[in-house]
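Q: Sequential numbering from 0 applies to the sequence shown in numbering that gives the first Met the number 0.
Before we start, here is the structure in question, set down as structure tokens.
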Amino acid sequence: MRFRLSCVAAALVAGVVGQGLAARAAQGPAPEYERADIERGAQLYDEFCSNCHGSEGDGVGGVNLMSGQFRHASTDQNFRRILTNGIPAAGMPPGNYTDADMLALIAYVRNMRDYDGGIVTLGDAARGRALFQGRGDCAGCHRVAGRGSRLGPDLTSIGAVRGAGSLRETLLDPTGSMLPLNRPLRAVTRDGEVITGRRLNEDTYTVQIFDERERLVSLDKADLQELTVLATSPMPSYAETLSEAELADLLAYLVTLKGLVPQ
Numbered sequence: 000m001r002f003r004l005s006c007v008a009a010a011l012v013a014g015v016v017g018q019g020l021a022a023r024a025a026q027g028p029a030p031e032y033e034r035a036d037i038e039r040g041a042q043l044y045d046e047f048c049s050n051c052h053g054s055e056g057d058g059v060g061g062v063n064l065m066s067g068q069f070r071h072a073s074t075d076q077n078f079r080r081i082l083t084n085g086i087p088a089a090g091m092p093p094g095n096y097t098d099a100d101m102l103a104l105i106a107y108v109r110n111m112r113d114y115d116g117g118i119v120t121l122g123d124a125a126r127g128r129a130l131f132q133g134r135g136d137c138a139g140c141h142r143v144a145g146r147g148s149r150l151g152p153d154l155t156s157i158g159a160v161r162g163a164g165s166l167r168e169t170l171l172d173p174t175g176s177m178l179p180l181n182r183p184l185r186a187v188t189r190d191g192e193v194i195t196g197r198r199l200n201e202d203t204y205t206v207q208i209f210d211e212r213e214r215l216v217s218l219d220k221a222d223l224q225e226l227t228v229l230a231t232s233p234m235p236s237y238a239e240t241l242s243e244a245e246l247a248d249l250l251a252y253l254v255t256l257k258g259l260v261p262q
């Protein structure tokens with residue numbers, strides 16, 4: 000289970016030290032990181048941290064992620080240990096992160112001050128809502144405040160958990176930006192029936208899927224000859240179907256979805 004990276008960030012900077020040259024020198028020269036890792040880390044930060052900590056890393060009082068000065072994570076080895084074990088005294092639980100995600104997050108935080116990932120432009124939320132419900136046909140797969148389809152993930156609170164940059168990447172490259180939790184399943188029963196859809200729940204013995212006809216199907220794994228997690232998102236890319244202005248409008252609407260009032 001991946002814990003919210005905002006908890007990681009808050010714990011890491013629970014003791015942000017001063018920005019003096021002496022403290023900086025004590026950490027030694029900063030390692031070099033691949034641009035791809037930094038960019039992936041920026042996506043992780045945008046998805047899980049920016050709503051609390053802000054795009055500049057200073058959204059929480061007493062915390063400045065961009066300073067690069069951390070009491071508990073002065074080295075990457077310490078950073079990895081914190082990501083793995085957490086800091087219970089500071090309220091940060093242990094996490095089960097992949098090596099790639101840990102490397103990416105470390106790379107971005109270490110380079111946050113100098114990173115330029117571009118600024119996402121937001122348009123008009125009212126026009127974006129009309130696009131969502133109309134030409135974009137987003138409601139044909141997604142549900143907001145109890146209205147719409149259950150084929151895709153519920154977006155009622157998407158603006159509270161995903162940043163604009165992350166949402167834009169999803170609209171342009173759904174497969175490349177797809178979170179593991181949202182990958183569709185393909186199940187084949189012993190009788191040869193093929194069931195494809197969104198995973199709702201899964202345990203050791205059963206799996207529940209919303210199929211392509213929006214039926215909730217509960218399957219016993221012992222009765223399946225195949226259960227595959229698909230790597231391709233069923234969501235279409237809007238890179239060619241929406242203009243930059245329309246993308247900005249749609250993003251403006253999505254970031255308003257905080258799960259507090261019907262939209």
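Ideal Cβ placement from N, Cα and C applies to all residues, glycine included.
(1) Near Arg128, what residues of its chain come up, given a Cβ to Cβ distance below 6 Å and the 5 sequence neighbours on each side ignored?
(2) Between which two residues does the beta strand (DSSP E) carrying Thr227 extend?
(3) By the three-class DSSP mapping on this structure, what secondary structure does Lys257 have?
(4) Would you check if the stretch 191–199 and the stretch 122–138 touch, i.e. whether three or more CB-CB distances between them fall below 8 Å?
(5) Helix, strand or coil for Glu38? Go by DSSP, reduced to three states.
(6) If we require 4 or more residues per run, which alpha helix (DSSP H) segments fall completely within the stretch 149–224?
(7) Within a Cβ cutoff of 8 Å, which residues of the same chain sit near Leu265, ignoring the five residues on either side of it in sequence?
(8) In whole angstroms, what is the alpha-carbon distance linking Arg80 and Gly40?
(9) So, Ala138 versus Thr155, is the Cβ gap smaller than 7 Å?
(10) Flag this pair as yes or no: are the beta carbons of Leu178 and Leu250 separated by less than 7 Å?
(11) Which value, in whole angstroms, describes the spacing of the CA atoms of Glu211 and Ala35?
(12) Please report the straight-line C-alpha distance between Tyr44 and Arg142, rounded to a whole angstrom.
(13) If we require 4 or more residues per run, which alpha helix (DSSP H) segments fall completely within the stretch 119–150?
(14) Are there 16 or more other CB atoms within 10 angstroms of the CB of Tyr237, so buried, or fewer, so exposed?
(15) Rounding to the nearest angstrom, what Cα-Cα distance links Leu130 and Leu199 in this structure?
(16) DSSP three-state label for Thr83, please.
(17) Since I believe Gly122 is in contact with Ala244 (beta carbons under 8 Å), could you give me their beta-carbon distance rounded to a whole number of angstroms?
(18) Considering only residues of the same chain and omitting the five flanking positions on each side of Ile37, which have a CB-CB separation below 7 Å?
(19) With H, G and I counted as helix, E and B as strand and the rest as coil, what does DSSP make of Tyr32?
(20) Rank Leu171, Leu82, Thr74, Gly164 by C-alpha distance to the C-alpha of Leu241 and give the top, closest one.
(21) In whole angstroms, what is the alpha-carbon distance linking Pro173 and Val160?
(22) Check whether the Cβ atoms of Asp248 and Arg126 sit closer than 7 Å, and answer yes or no.
(23) Determine whether the beta carbon atoms of Glu213 and Arg112 lie at a separation below 7 Å.
(24) Look up Arg112 in the DSSP assignment and say whether it is helix, strand or coil.
(25) Please name the residue in Glu225, Leu102, Phe209, Lys220 whose C-alpha comes closest to that of Tyr32.
(26) I believe Asp222 touches Thr188 by the beta-carbon criterion, under 8 Å. Please report the beta-carbon distance rounded to the nearest angstrom.
(27) Could you check the C-alpha separation between Thr120 and Leu218 for me, to the nearest Å?
A: In brief:
(1) Tyr252
(2) 223–228
(3) coil
(4) no
(5) helix
(6) 157–160, 163–171, 173–176
(7) Limits of the chain in this structure are 0 at one end and 262 at the other, which puts residue 265 out of reach.
(8) Roughly 17 Å between the two C-alpha positions.
(9) no
(10) no
(11) 35 Å
(12) 25 Å
(13) 124–132
(14) buried
(15) 27 Å
(16) helix
(17) 6 Å
(18) The answer, listed in chain order, is Ala106, Tyr107, Asn110, Tyr114.
(19) coil
(20) That would be Leu171, whose Cα lies nearest to the Cα of Leu241.
(21) 17 Å
(22) yes
(23) no
(24) coil
(25) Nearest option by C-alpha distance: Leu102.
(26) 6 Å
(27) 44 Å
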